[in-house]
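Engineer: Sharing a structure, written as structure tokens. Questions coming.
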């Protein structure tokens with residue numbers, strides 16, 4: 001069951017968007033669990049990172065739709081978002097919050113169905129490419145490809161990500177076990193660093209150079225295995241046509 005949140009403060013638009021979801025459900029044979037919210041602040045306040053798609057009006061009263069999604073992105077990098085608006089003046093803002101699409105009101109079924117399919121296809125592709133972590137007392141869902149590397153300092157586990165660094169409630173050993181279950185691209189450089197090979201730009205004699213510019217030491221006992229893992233990762237990407245770099 002796909003969980004869909006419709007966030008719109010206009011009853012007529014709520015009815016239209018709900019109707020489009022029901023038609024899509026019937027014609028595409030994909031079950032949607034649709035919930036309607038008419039207040040952006042309330043939606044953010046009660047948000048938990050287990051929604052699949054958010055369809056949100058940019059022109060909400062109070063905090064606008066872009067503001068809502070900025071706050072959602074603080075705890076959920078994986079949920080798909082469709083922005084709807086009467087004008088296209090906020091379209092550029094959709095890139096900022098990584099929206100799948102931007103639809104003008106009133107939306108046609110054809111446009112809606114096309115974009116919903118893109119959302120669901122994207123959701124399937126990343127279902128096993130996300131992980132939930134606890135940071136700052138909040139549960140956050142994040143994409144694995146956004147994690148550059150993990151390090152452990154004085155019993156603290158720090159995620160270095162494309163969006164900044166965060167301390168999580170989990171030992172690096174346990175986190176490594178969870179990551180390996182989901183993605184074999186994470187490899188130890190030494191006892192303190194767990195590296196995402198997708199973010200390695202080069203491997204020097206004694207260090208891995210990361211996409212954020214950090215240079216991580218590779219311990220002598222792990223050096224040969226790390227270099228072999230990186231070479232295998234790059235070659236596998238070439239064979240499959242996968243670029244290997246984070247999007």
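Numbering (full-length UniProt numbering), first residue to last: 1 to 247.
Heads up, the beta-carbon is just placed ideally off N, CA and C, and yes, glycines get one too.
Please read all numbers here as calculations on a predicted model, not as lab measurements.
1. Do you know whose CA, among 51, 206, 41, lies nearest residue 66's CA?
2. Measuring CA to CA, which of 27, 56, 34 is closest to residue 2?
3. So, residue 79 versus residue 103, is the Cβ gap smaller than 8 Å?
4. From residue 93 to residue 58, what distance separates their C-alpha atoms?
5. Among 228, 18, 81, 51, which one has its Cα closest to the Cα of residue 188?
6. Should residue 109 go down as buried or exposed, given a rule of 16 or more other Cβ atoms within 10 Å for buried?
7. Is residue 32 close to chain B, meaning its C-beta is less than 8 Å from at least one C-beta of that chain?
8. For residue 87, name the three-state secondary structure that DSSP assigns.
9. Which runs of the beta strand (DSSP E) fall wholly inside the UniProt domain "Response regulatory" (3-120) and span at least 3 residues, in chain order?
10. Which term fits residue 24, buried or exposed, when burial requires 16 or more other beta carbons within 10 angstroms of its beta carbon?
11. Buried or exposed, going by whether 16 or more other CB atoms sit within 10 Å of the CB of residue 85?
12. Alpha carbon to alpha carbon, what distance is there between residue 52 and residue 151?
Structural biologist: In brief:
1. Scanning 51, 206, 41 for the CA closest to the CA of residue 66 turns up 41.
2. Ranking 27, 56, 34 by Cα distance to residue 2 puts 34 first.
3. No. Outside cutoff.
4. One Cα belongs to residue 93, the other to residue 58, and the distance between them is close to 10 Å.
5. Taking the Cα of residue 188 as reference, the smallest distance to any Cα among 228, 18, 81, 51 is reached at 228.
6. Around the CB of residue 109, fewer than 16 other CB atoms lie within 10 Å, so the residue is classed as exposed.
7. Going by chain labels, chain B is absent from the structure shown, which holds only one protein chain.
8. Secondary structure at residue 87: coil, using DSSP grouped into helix, strand and coil.
9. Taken in chain order, the unbroken stretches of beta strand (DSSP E) that lie wholly in the UniProt domain "Response regulatory" (3-120) and span 3 residues or more are 32-37, 53-57, 80-85, 101-104.
10. With 16 or more neighbouring CB atoms inside 10 Å of its own CB, residue 24 falls in the buried class.
11. Within a 10 Å sphere around the beta-carbon of residue 85 sit 16 or more other beta-carbons, which makes this residue buried.
12. Distance between the alpha carbons of residue 151 and residue 52: 30 Å.
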